[in-house]
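In my numbering, the protein residues as written are 6 to 63. One structure is given here, and the rest of the page talks about it.
So this is what it looks like as C-alpha coordinates:
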(Lines of atoms letter the chains of each structure in order from A and count residues from 1; the text may use other names and numbers.)
(Lines give C-alpha, C1' and ligand atoms only; values in the text may rest on other atoms or scores of the structure.)
Protein backbone atom coordinates (compact mmCIF):
# COMPACT_ATOMS: atom_id res chain seq x y z
CA UNK A 1 0.00 0.00 0.00
CA UNK A 2 2.88 2.37 0.65
CA UNK A 3 4.11 2.30 -2.94
CA UNK A 4 0.57 2.74 -4.27
CA UNK A 5 -0.03 5.69 -1.95
CA UNK A 6 3.18 7.30 -3.22
CA UNK A 7 2.33 6.60 -6.85
CA UNK A 8 -1.35 7.60 -6.62
CA UNK A 9 -1.62 10.32 -3.97
CA UNK A 10 -5.19 10.85 -2.80
CA UNK A 11 -6.44 7.77 -4.66
CA UNK A 12 -5.63 5.01 -2.18
CA UNK A 13 -7.94 4.21 0.72
CA UNK A 14 -7.36 2.05 3.78
CA UNK A 15 -9.87 -0.03 5.77
CA UNK A 16 -10.32 2.85 8.25
CA UNK A 17 -11.60 5.25 5.58
CA UNK A 18 -15.20 5.97 4.60
CA UNK A 19 -14.31 5.61 0.90
CA UNK A 20 -12.99 2.08 1.50
CA UNK A 21 -16.17 1.11 3.36
CA UNK A 22 -18.34 2.56 0.59
CA UNK A 23 -16.44 0.56 -2.02
CA UNK A 24 -16.64 -2.57 0.15
CA UNK A 25 -20.42 -2.30 0.16
CA UNK A 26 -20.67 -1.85 -3.60
CA UNK A 27 -19.68 -5.37 -4.66
CA UNK A 28 -22.19 -7.13 -6.89
CA UNK A 29 -21.21 -10.54 -5.51
CA UNK A 30 -21.39 -11.79 -1.93
CA UNK A 31 -18.25 -13.81 -2.56
CA UNK A 32 -16.37 -10.66 -3.53
CA UNK A 33 -17.68 -8.78 -0.51
CA UNK A 34 -15.91 -11.31 1.72
CA UNK A 35 -12.55 -10.13 0.36
CA UNK A 36 -10.78 -7.60 2.58
CA UNK A 37 -7.89 -5.97 0.67
CA UNK A 38 -5.34 -4.08 2.77
CA UNK A 39 -5.96 -1.00 0.62
CA UNK A 40 -7.88 0.08 -2.47
CA UNK A 41 -6.56 2.15 -5.35
CA UNK A 42 -9.12 4.26 -7.21
CA UNK A 43 -7.60 4.74 -10.64
CA UNK A 44 -9.41 7.37 -12.67
CA UNK A 45 -7.18 7.87 -15.71
CA UNK A 46 -5.31 5.69 -18.19
CA UNK A 47 -2.08 7.06 -16.73
CA UNK A 48 -3.12 5.89 -13.25
CA UNK A 49 -3.72 2.38 -14.57
CA UNK A 50 -0.45 2.37 -16.48
CA UNK A 51 1.50 3.54 -13.45
CA UNK A 52 -0.13 0.94 -11.20
CA UNK A 53 0.85 -1.84 -13.58
CA UNK A 54 4.40 -0.52 -13.62
CA UNK A 55 4.66 -0.35 -9.83
CA UNK A 56 3.12 -3.77 -9.36
CA UNK A 57 5.86 -5.35 -11.45
CA UNK A 58 8.76 -3.81 -9.54
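For every residue, glycine included, the Cβ atom is placed at its ideal position computed from N, Cα and C.
task = Determine the DSSP secondary structure at residue 48, reduced to helix, strand or coil.
result = Here the question's residue 48 lines up with position 43 in the chain shown. In the structure shown, residue 48 sits in coil (DSSP, three-state: anything other than H, G, I, E or B).
message = I'd like to check one pair, residue 16 with residue 46: are the Cβ atoms closer than 7 Å?
response = For the purposes of this step, residue 46 is identified with residue 41 of the chain shown, where counting begins at 1. For the purposes of this step, residue 16 is identified with residue 11 of the chain shown, where counting begins at 1. Yes, the pair counts as a contact, with Cβ atoms nearer than the cut-off.
Residue range of the alpha helix (DSSP H) that includes residue 27 = Counting from one through the chain shown, the residue named residue 27 turns up at place 22. Taken as a continuous stretch (DSSP letters only), the alpha helix (DSSP H) holding residue 27 covers 23–29.
inquiry  = DSSP has residue 17 in a bridge; who is on the other side?
reply    = Position 12 of the chain shown holds residue 17. In DSSP, residue 17 forms a bridge with 46.
query = residue 9 lies in the alpha helix (DSSP H); which residues open and close that run?
reply = Numbered from 1 along the chain shown, position 4 holds the residue referred to as residue 9. Element bounds for residue 9: 7–12.
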